[in-house]
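Counting from 1 along the sequence shown, just add 732 to a position and that's the residue number in my numbering. C-beta atoms are modelled at their ideal positions from N, C-alpha and C, and glycine is treated no differently. Input: a single structure, listed below in structure tokens.
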Amino acid sequence: MLFDTHMHCDYSCDSHMQFADAIAVAEAEKIGMIVTEHWDYDYPTNPDAFTFDIDEYFTRLKPLCNENVLIGIEIGMQTHTAVEDKRVAQGHDFDFVLGSIHCIGKRDLYETTCYEGRARQQIVEEFLQDSITCLEQDRDFDAFAHIDYICRYWPYKGEERELRLADAPNLFDKLFQLLIEKNIPIEINTRRLDDAAAVAGLLPLYERYHDLGGKYCTIGSDAHYAEHVGRRLQEALKIATACQLTPVYFRKRRMQIMEVSK
733 MLFDTHMHCD
743 YSCDSHMQFA
753 DAIAVAEAEK
763 IGMIVTEHWD
773 YDYPTNPDAF
783 TFDIDEYFTR
793 LKPLCNENVL
803 IGIEIGMQTH
813 TAVEDKRVAQ
823 GHDFDFVLGS
833 IHCIGKRDLY
843 ETTCYEGRAR
853 QQIVEEFLQD
863 SITCLEQDRD
873 FDAFAHIDYI
883 CRYWPYKGEE
893 RELRLADAPN
903 LFDKLFQLLI
913 EKNIPIEINT
923 RRLDDAAAVA
933 GLLPLYERYH
943 DLGGKYCTIG
953 SDAHYAEHVG
963 RRLQEALKIA
973 TACQLTPVYF
983 RKRRMQIMEV
993 SK
């Protein structure tokens, strides 16, 4: 069974769907799902916006879980939050912990002010260096989310919009090598896979991850609306095949090979 391993429901403040909505769509699509509510400690624009009562989260979601409905969390990593992030990851019985970068230099990548007064190259290097620093710290997470998150929000258009290996080849290699050394799969996030330019930009990144020794990927819709649950999973599978990556998901923090119909 295919698993959508990245979505946001009741406890993510930017979500517009509830557990029941996501479960109903996943059942209709005959796919498995992992709820990964946002946890971003000390978020720069609002420190409490992306934290929540995790015990209550488990109390409400656990009765709805089964072999195809699993419980996870998306931890938004910053270079100064490693201790708190690890405490959260290890303090609860998650099936899956997804690590991501939503902020660099204590600035929110969603906000236009994040990029003001800085050249594109400076932003690329800062994004990759913060990601590398987070991976070098003592952390505990299972997969690395949406490497192209920055492309959603920074002000560049056309060829400048997509990340390129040539932007910072040594930093990309260091990031991928750290993921591989720690046996951390890279996510194929399906949010932008309807954009041919985005796919063309992502392919060389996933190919490089594979060429350096990466073997596995997770697939996630990053859904915040019910109609986005399971979106473009087939497109993601095509990318995984092209880049020779094996799709996986996690149950009780253990990697499971995803059953993919031929």
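| Check | Outcome |
| --- | --- |
| Report yes if the CB atom of L793 is closer than 9 Å to the CB atom of V820, and no otherwise. | no |
| Could you tell me which uninterrupted alpha helix (DSSP H) segments, each at least 4 residues in length, are contained entirely in the region 840-877, listed from first to last along the chain? | 852-868 |
| For I805, which three-state DSSP category applies? | strand |
| Among residues of its own chain, excluding the 5 on either side of F782, which ones have a beta-carbon nearer than 6 Å to its beta-carbon? | H770, D772 and Y775 |
| Could you check where the beta strand (DSSP E) with T791 kicks off and where it finishes? | Counting along the chain, T791 falls outside any beta strand (DSSP E), though it belongs to the alpha helix (DSSP H) covering I786 to L793. |
| Going along the chain, which unbroken runs of the beta strand (DSSP E) with 3 or more residues stay wholly within the region 938-970? | 948-952 |
| How about L841 and R983: are their beta carbons less than 9 Å apart? | no |
| Suppose you measure from the CA of A874 to the CA of C949; what does that come to, to the nearest Å? | This sequence places Asp at residue 874; Ala is not what is there. One C-alpha to the other measures close to 11 Å. |
| Within the same chain, show all residues whose beta-carbon is closer than 6 Å to that of I836, passing over the 5 residues directly before and after it, in chain order. | E858, F859 and D862 |
| Would A930 and C883 be called neighbours here (beta carbons separated by less than 9 Å)? | yes |
| Taking C-alpha atoms, which residue in S744, D746, E761 and W886 lies nearest to R964? | E761 |
| Which two residues bound the contiguous alpha helix (DSSP H) that contains P901? | P901 to E913 |
| Which partner residues does C835 have in the DSSP bridge list? | D840 |
| Please classify T813: is it buried, with 16 or more other beta-carbons within 10 angstroms of its beta-carbon, or exposed? | buried |
| So, at 7 Å on beta carbons, what are the nonlocal neighbours of L897 in its own chain, with the 5 sequence-adjacent residues on each side left out? | F904, P936, L937 and R940 |
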